[in-house]
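Engineer:
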Amino acid sequence: MYFNSNIRFLRKRRNRTQDAVANVLGIKRPTYNGYENAVAQPSIETLIAFSKYFNVSLDTLLKINLEELSEFQLSELERGNDVYITGSKLRILTTTVDNVNEENIELVPEKAKAGYATGFADPDYIKELPMFQLPFLSRQKKYRTFQLNGDSMLPIPNGAWVTGEFLQDWNNIINGHAYIILTIDEGVVFKIVENLLKEENKLTLFSLNPEYHAYDVHVAQIKEVWQFVHYISAELPEPLEPKDEMLLAMEAMKKDIEMIRKKVVKK
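In numbering that gives the first Met the number 0, the protein residues as written are 0 to 266.
#1: How long is the line joining the alpha carbons of F2 and K27, rounded to whole angstroms?
#2: Using only CA atoms, which one of L68, L166, V38, Y124 lies nearest to E223?
#3: Where does A177 land, buried or exposed, given buried means 16+ other C-beta within 10 angstroms?
#4: Taking the C-alpha atoms as reference points, what is the distance between Y142 and G175?
#5: Where R10 and T182 are concerned, what is the direct C-alpha to C-alpha distance, given to the nearest angstrom?
#6: Give the DSSP-derived three-state secondary structure of H229 in the structure shown.
#7: Classify V20 as buried or exposed, calling it buried when 16 or more other Cβ atoms lie within 10 Å of its own Cβ.
#8: Between the stretch 148 to 159 and the stretch 204 to 216, do at least 3 Cβ pairs fall closer than 8 Å?
#9: Would you check if the distance between the CB atom of W225 and the CB atom of E185 is smaller than 9 Å?
#10: If you follow the alpha helix (DSSP H) that D58 is part of, which residue opens it and which one closes it?
#11: Are the beta-carbon atoms belonging to F71 and I6 less than 9 Å from one another?
#12: Can you check whether the CB of I47 is closer than 9 Å to the CB of T95?
#13: At 4 residues or longer, and completely inside the stretch 81 to 164: list those alpha helix (DSSP H) runs for me, N to C.
Take a look at the structure:
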């Protein structure tokens, strides 16, 4: 059981004193001190009070050593994404950490994408991927990098490395933004997204290259969503010719008109 070490860890993480927490919970400070030092046993009512105060389930407080969790996992916990509380609504992400318990950025090269489509939830598969760190990215977020294949997202070139931030709540997908999406049928795709999950249980995916048509993906086909952060490439993007700029502008107008049409039809 990790109750005593967990409440000490959570209290210090929130920069609270024993007096402050004891006062909120309505218990005496020596009693609270006894809980942290495992010389006093809390009642069921007290355990529930601690669970509500820290917004962590009883199972987590008692069974999980929170000091071993990564910063990303702790941040998810603090945002209310406790698997014992949210159940199936929480999407469990298989991840790796370095020797100081910080999240790695796993690298998914083109040759590994087929395996990733089936092994994304397998810890043994994920730990075999190349790993690295980017110090300018947030320690409280989870990132993964995928190698781009094809020309559908030009001017981002074929072979570029695209990094995404793991998106827990798909309702937060923003229309017109780029995302890396793992789908059952197509594997990993990198697209501009229109979020229609609430209205039609689907995403509409667009390419930057106007030669590619938009298409829909039902929510049941989606396994992971990563919000685009940046890309790395050894190639400089080709300068756009005037006709190319016109084609892109026309394609953007088509997308806007189609979105307006759908909204009008619904009304």
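Quick reminder that beta carbons are idealized off the backbone N, C-alpha and C, glycines included.
Structural biologist: On the basis of the coordinates in this document:
#1: 18 Å
#2: L166
#3: buried
#4: 21 Å
#5: 40 Å
#6: strand
#7: buried
#8: yes
#9: no
#10: 57 to 62
#11: no
#12: no
#13: 82 to 85, 112 to 118, 122 to 125
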